[in-house]
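Colleague: Reading the first sequence from the start, the letters are residues 59 to 546 in the working numbering.
Note that the Cβ used here is the ideal one computed from N, Cα and C, for glycine as well.
After the structure tokens below, expect a handful of questions from me.
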Amino acid sequence: MSESRLRFAPSPTGNLHIGTLRTALFNWIYAKAIGATLVLRIEDTDLARSQVEFETNINQGLDWLGLTMDEGPSQGGGWGPYRQTERNELGFYKAHADRLLQLGYAYHCFCTEADLDQERATAEAEKRPYVYSGRCKALSPSDVQDKRVAQIPFTVKFSVPTGPPVRVKDVIRGDIDFDRSLIGDFVLVKSDQTPSYNFAVVVDDGMMGITDVVRGEDHISNTPKQILLFESLGYVVPKFAHLPMILGPDKSKLSKRHGATGVTEYRAQGFLADAVFNYLMLLGWSSADGKELMTRDEIIHRFTLERVSKSGAVFDVAKLRWMNGQYIRRQTPTELLTHVRPYLSDRVRVALEALGFDRFQAAIYSVRDNLDVLTDCNSFLEVYAMDADSWIAQVRGYSFGATDLTAISTFHAHVRGMTEWTVTGIESMIATVVTETGLGKGKVFKPIRIATSGQPSGPHLAELIWILGQSVVVQRMADVVALLNSVN
RNA sequence: GGCCUUAUCGUCUAGCGGUUAGGACACCAGGUUUUCAUCCUGGUAACCGGAGUUCGAUUCUCCGUGGGGCUACCA
59 MSESRLRFAP
69 SPTGNLHIGT
79 LRTALFNWIY
89 AKAIGATLVL
99 RIEDTDLARS
109 QVEFETNINQ
119 GLDWLGLTMD
129 EGPSQGGGWG
139 PYRQTERNEL
149 GFYKAHADRL
159 LQLGYAYHCF
169 CTEADLDQER
179 ATAEAEKRPY
189 VYSGRCKALS
199 PSDVQDKRVA
209 QIPFTVKFSV
219 PTGPPVRVKD
229 VIRGDIDFDR
239 SLIGDFVLVK
249 SDQTPSYNFA
259 VVVDDGMMGI
269 TDVVRGEDHI
279 SNTPKQILLF
289 ESLGYVVPKF
299 AHLPMILGPD
309 KSKLSKRHGA
319 TGVTEYRAQG
329 FLADAVFNYL
339 MLLGWSSADG
349 KELMTRDEII
359 HRFTLERVSK
369 SGAVFDVAKL
379 RWMNGQYIRR
389 QTPTELLTHV
399 RPYLSDRVRV
409 ALEALGFDRF
419 QAAIYSVRDN
429 LDVLTDCNSF
439 LEVYAMDADS
449 WIAQVRGYSF
459 GATDLTAIST
469 FHAHVRGMTE
479 WTVTGIESMI
489 ATVVTETGLG
499 KGKVFKPIRI
509 ATSGQPSGPH
519 LAELIWILGQ
529 SVVVQRMADV
539 VALLNSVN
């Protein structure tokens, strides 16, 4: 049993994003691969943007993908609470800030936003990189006391100690050095007395015993700050692994302007959780044996951080759709029915349910090769849902020739006389029609297909006829024969 | 602007000094199928540029160039 503890730490400031989900996925897989505990921590310190509904959405997304968490707000665990607002109420961050203040690693800063803007503007005018001047560090204890008594708003800032470059040891990217003089003193506690992101992360990772941090590449430049904090606080610095970014077609960070980014949207479009899971794993990681279609277990057994790539990956919906189709085709009739059912339009669903369970299931299974996403199902299932009026209207649209009439009437005679209604029976019956009429396959199948379904293409003909049912087919053939005779 | 990072077919990627540079998606062409689709077979298509190291660089080093991220009292 490994002592490793990983964490997935989303902030509920929006619906679960596909990129965030990817991070969760890699954490989950890695946790399974090394037998680690995976913690869900809700980073809701941004009071203005955090909302409960987003946390709900995140949980739903994780559930959908089957990304179970070992500890978290709803799972509980011995290292809670798991929401930063709750941890703040317990004074965790305040205690750590006080400790840093006492140790001299932090100081009170009374600079206003305007002060800081000015510093920034000056730096820019002088074309020199901006770092906070640290002027409040020079305040004497009595000055600080006076300002606090006067209730002047303040932040607590970390005083970056001088020293050699901070080295981030990244499992995926190797060592990355950062010059401390360029880091600049940064905010630990905001003026509303909530912790800043970098501070909260370190306090929580430290307190929760996190050993491995797997997160997006966009956090790399935060890492030196966090390392400094871990060290100042006396916590063991965890191992870091920064995942490459997921990009839009224009190669910039995947965002809303590229289209759907919400996990919920992909579910709504009819993507299967397994397909999304598999596809997302292939964005920035590949198995040593080159296999692409893999079950979760197969991925777990093959996964290593060493095989994660370093460059960003463009999200390609076309490949996701292909993969989804592959997963759809691997479903059993029962599984497919379960997955397709929620996507059926009311009209199609009612019509199909009227066929009885067996034919309902068979109807859905008969169109599986046509589906890329589940929402495609309605258009392909339309043949089964067509009422007599629209069927006859379709049939009238075609001009049948003499051989067509022969094929249809011969078929009519046989189908009427069938005593056992099975797909194989229908297949051999159609074969009989072919030999009996002496017409080629094409000259028989096509008119029969149009006469029975009103469509020039669709599911396998014998299956189609079986699902439509004997009475419907016989009735339709009688109607078509009558129609054609009246026209001639 | 500064810091960090990255660079193989259009896209996802394999490659870890010597390969006909491989696979997948997409695309194109055949085939199977009563039809659409599926499926099968084949094809087009890539090492960003320049120096260096080396007998030999896609691979190692440096410099460019392109891309990306960060640069907040957002996470």
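With H, G and I counted as helix, E and B as strand and the rest as coil, what does DSSP make of F66?
Modeller: Three-state DSSP puts F66 in a strand.
Colleague: Sorted by chain position, which residues of the same chain lie with C-beta nearer than 7 Å to H472's C-beta, five sequence neighbours on each side aside?
Modeller: Excluding positions up to five away in sequence, the list reads M487, T490 and V491.
Colleague: Can you tell me the Cβ-Cβ gap for A94 and D270, rounded? I've got them flagged as a contact below 8 Å.
Modeller: 7 Å
Colleague: Where does P253 sit, in a helix, a strand or coil, going by DSSP?
Modeller: strand
Colleague: State the DSSP-derived secondary structure class of T322, mapped to helix, strand or coil.
Modeller: helix
Colleague: Assign F469 to one of two classes, buried (16 or more other C-beta atoms within 10 Å of its C-beta) or exposed (fewer than that).
Modeller: With 16 or more neighbouring CB atoms inside 10 Å of its own CB, F469 falls in the buried class.
Colleague: Around the Cβ of S200, are there at least 16 other Cβ atoms within 10 angstroms (buried) or fewer (exposed)?
Modeller: exposed
Colleague: Which residues bound the alpha helix (DSSP H) around D332?
Modeller: A331 to M339
Colleague: Pairing CB atoms from the region 275-289 with CB atoms from the region 314-332, are three or more of them under 8 Å?
Modeller: no
Colleague: Output the distance between the C-alpha atoms of S108 and V247, rounded to the nearest integer angstrom.
Modeller: 18 Å
Colleague: Can you list the beta strand (DSSP E) stretches of 3 or more residues lying completely in the region 277-302, in chain order?
Modeller: 297-301
Colleague: Mapping the DSSP letters down to three states, classify A164 as helix, strand or coil.
Modeller: strand
Colleague: Does the region 213-229 come within contact of the region 189-203, defined as at least 3 CB pairs closer than 8 Å?
Modeller: yes
Colleague: DSSP three-state label for D237, please.
Modeller: coil
Colleague: One question on the structure: do F66 and V110 come within less than 9 Å of each other, judged by their Cβ atoms?
Modeller: no
Colleague: Rounded to a whole number of angstroms, what is the C-alpha to C-alpha distance between R63 and G267?
Modeller: 7 Å
Colleague: Below 7 Å CB to CB, which residues in the same chain sit around N115 once its five sequence neighbours on both sides are set aside?
Modeller: N73, L74 and T322
Colleague: Starting from the N-terminal side, write out each stretch of the alpha helix (DSSP H) that is 4 residues or longer and does not extend beyond the region 430-494.
Modeller: 435-443, 446-454 and 460-475
Colleague: Given a threshold of 16 other Cβ atoms within 10 Å of its Cβ, counted over all protein chains shown, does S511 qualify as buried or as exposed?
Modeller: buried
Colleague: In the region 154-199, which residue ranges form an unbroken beta strand (DSSP E) of at least 3 residues, counting only runs that do not cross its ends?
Modeller: 164-167
Colleague: Could you spell out the range, first to last residue, of the alpha helix (DSSP H) harbouring V398?
Modeller: P391 to V398
Colleague: Between M59 and the rest of its own chain, which residues show a CB-CB distance below 7 Å, the 5 nearest in sequence each way excluded?
Modeller: Caution is warranted here: a pLDDT of 45 is assigned to M59, below 50, making its placement in the model unreliable, and no coordinate value can be reported.
Colleague: Have a look at V224, A299 and V481 and flag the residue whose alpha-carbon is nearest the alpha-carbon of R238.
Modeller: V224
Colleague: Between the beta-carbon of L312 and the beta-carbon of I87, is there less than 9 Å?
Modeller: Against a cut-off of 9 Å, the Cβ pair of I87 and L312 comes out as no contact.
Colleague: Which value, in whole angstroms, describes the spacing of the CA atoms of D416 and P505?
Modeller: 27 Å
Colleague: Could you check how far apart the C-beta atoms of L79 and L330 are, in whole angstroms? I think they sit under 8 Å.
Modeller: Rounded, the Cβ-Cβ distance is 14 Å, inconsistent with contact.
Colleague: What residue range does the alpha helix (DSSP H) around R360 cover?
Modeller: R354 to R360
Colleague: Below 8 Å, can you find three or more Cβ-Cβ pairs linking the region 404-423 to the region 437-448?
Modeller: yes
Colleague: Judging by CA-CA distance, which residue of N543, W524 and G414 is the nearest neighbour of I484?
Modeller: W524
Colleague: Of all the options R388, A183, S249 and K185, which has the alpha carbon lying nearest to the alpha carbon of P211?
Modeller: S249
Colleague: Nearest to N543 by CA position, among D427, R454, F288 and L240, is which residue?
Modeller: Considering only alpha carbons, the answer is R454.
Colleague: For P302, is the classification buried or exposed, using 16 other Cβ atoms within 10 angstroms of its Cβ as the cut-off for buried?
Modeller: buried
Colleague: Between which residues of its own chain and Y385 is the CB-CB distance below 7 Å, once the five residues before and five after are set aside?
Modeller: L330, D332 and A333
Colleague: S457: buried (16+ other C-beta within 10 angstroms of its C-beta) or exposed?
Modeller: exposed
Colleague: Count the other C-beta atoms from every protein chain shown that fall within 10 angstroms of the C-beta of E171, then say buried if there are 16 or more, exposed otherwise.
Modeller: With fewer than 16 other Cβ atoms within 10 Å, it is exposed.
Colleague: Apart from the five residues on each side of it in sequence, which residues of its chain come closer than 8 Å, Cβ to Cβ, to Q528?
Modeller: V473, M476 and W479
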